[in-house]
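In this note's numbering, the protein residues as written are 70 to 623.
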């Protein structure tokens, strides 16, 4: 990268007395979706009428009360969509549609014609104010730029009188606000405010767009705080944000702008918009949700949001997209999986307060379930494998057993170079640890107590070893001990039981039991095996046999 010298930091305001860093967000802003205008104009193939109608209906169901539906004077499609919403009574009484217009007479006139019959509407006026736009594109002075804004504001106010059936509200955007001198931005906004004369009953929206994201989010916050302090009639002004994502920080800029005093946020679902996109309104809303703030938008069925977005825009939501990506509630890392498993277990102690490592929200709150939280590949460890076997198959292994099973599953995934499904994990677990019957197989057994006070009993077992049947005998303080002594006498293999656990695999009196055995041989090497049966005693002996067979195979 050799050409960085031709770029420079762009700063339009100095705010040494800024207050926004000490502020805290306590409520959701007014939301305005611009998916159907700013988002739609950025698509390779813009939405057709039916798609726009369906998308509008979905935005309403999500809870948006202000929706920018288009630029009616820009094309017949935009005009027809506006008329279709109004003439077919598709706009709920508590929803306000918003339309965009330049400060040009015929465009403003056609905009009002498109809105005829609407109950509530916002007319959004804009003109470019940045030094670059003024000097290079329009070659306008500051005065000419202000005159253009005043012209449009007066004409809008005048024409609105001809449509008394509509409750009009007005919005003004100094386009390319972030590239505008702040004193000039305040001057032109105040000129428009003077024309519209806002009141408590009819507030004016001053929208401050980062049309191009030119600096760090904190500078945008400084600019917003400056404007909040320099707008006339501030108590009757709704300060609105409209951040683009050229630097990849539109969400951060929006959040800091809210801290700086903004009342309203314009954005799109998943950040669709020109170039790198707009502020992702879903992410901003869900970020509030994670802080215990009602976002006033409904994302409880986030997969439906993804589906309609992808269908309408022909674009895909990235699998790592915050809150909505297919992999964002999934952990492959072993240490992450172990922490999540323990966190989920800990949630039983405080179910009303979500606190799980690596999961900032409960996936159930956005319509996901717990099944894909932990997925197993070569990066996984015992924690993830343990979680899968516990959640899907009610297997509760001892800690040392978990480590050995995790190592086996990780090795298989590494060899196969793929993720392992829960079914495959369970299959490997059974193959490697459960009811292993070769070269030694237990056919049947019976026990007899010889010393009740010391729990001493004898065992006589019929086994098959390398294809031949034998009867073996042993004595010990319990069935497992007695069987181990019998096997040792038969094949001269000392078996030291380190740990023995068992539990029912399902509810009910006819449930199956599983036993886990950890043993070590004469060299100290440890082996792990499991056995299942409707009989607890038989499951424990089958576990011992599984372990012995692993020792014999070594």
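No residue lacks a Cβ here, since even glycine has one placed at the ideal position from N, Cα and C. Nothing here was measured: the structure is a model prediction, and the numbers come from that model.
Residue i and residue j closer than 9 Å at C-beta
i: residue 278; j: residue 312; result: yes
i: residue 346; j: residue 381; result: no
i: residue 351; j: residue 366; result: yes
i: residue 237; j: residue 164; result: no
i: residue 166; j: residue 189; result: yes
i: residue 462; j: residue 437; result: no
i: residue 601; j: residue 564; result: no
i: residue 342; j: residue 139; result: no
i: residue 428; j: residue 412; result: yes
i: residue 258; j: residue 300; result: yes
i: residue 232; j: residue 184; result: yes
i: residue 310; j: residue 281; result: no
i: residue 136; j: residue 178; result: no
i: residue 245; j: residue 211; result: no
i: residue 598; j: residue 583; result: no
Member of the options whose CA lies at the smallest distance from the CA of residue i
i: residue 404; options: 393, 353, 456 and 388; result: 456
i: residue 355; options: 346, 338, 252 and 342; result: 338
i: residue 285; options: 324, 573 and 497; result: 324
i: residue 199; options: 190, 188, 191 and 214; result: 214
i: residue 102; options: 548, 93, 477 and 125; result: 125
i: residue 520; options: 496, 507, 547 and 533; result: 547
i: residue 195; options: 362, 116 and 169; result: 169
i: residue 99; options: 332, 402 and 554; result: 332
i: residue 501; options: 287, 231, 619 and 140; result: 619
i: residue 559; options: 530, 172 and 496; result: 530
i: residue 590; options: 566, 606, 480 and 388; result: 566
i: residue 120; options: 105, 133, 131 and 111; result: 105
i: residue 128; options: 371, 485, 250 and 249; result: 371
i: residue 466; options: 489, 479 and 503; result: 503
i: residue 132; options: 368, 433 and 556; result: 368
i: residue 507; options: 623, 378 and 561; result: 623
i: residue 118; options: 70, 141, 146 and 522; result: 146
Identity of the residues DSSP links to residue i by a beta bridge
i: residue 297; result: For residue 297, which the question treats as bridged, DSSP gives no partner whatsoever.
i: residue 600; result: 584
i: residue 349; result: 337
i: residue 461; result: Answer is none; residue 461 lacks a bridge partner.
i: residue 120; result: Paired residues: none, contrary to the question.
i: residue 101; result: 135 and 335
i: residue 278; result: 311
i: residue 540; result: 531
i: residue 153; result: DSSP, once it has assigned bridges, lists no residue as partnering residue 153.
i: residue 306; result: 273
i: residue 545; result: 526
i: residue 428; result: 425
i: residue 520; result: 525
i: residue 595; result: 589
Coarse secondary structure for residue i, derived from DSSP in three states
i: residue 422; result: coil
i: residue 75; result: helix
i: residue 484; result: helix
i: residue 404; result: helix
i: residue 80; result: coil
i: residue 552; result: helix
i: residue 175; result: helix
i: residue 92; result: coil
i: residue 467; result: coil
i: residue 514; result: strand
i: residue 263; result: helix
i: residue 167; result: strand
i: residue 243; result: strand
i: residue 533; result: strand
i: residue 238; result: strand
i: residue 497; result: helix
i: residue 195; result: strand
i: residue 505; result: coil
i: residue 625; result: With the chain covering 70 to 623 only, the question about residue 625 has no answer from this structure.
i: residue 344; result: coil
i: residue 70; result: coil
i: residue 607; result: helix
i: residue 619; result: helix
i: residue 409; result: helix
i: residue 377; result: helix
i: residue 578; result: Note that residue 578 has pLDDT 49, beneath the 50 cutoff, so the model's placement of it is unreliable and no number is given.
i: residue 189; result: strand
i: residue 201; result: helix
i: residue 366; result: coil
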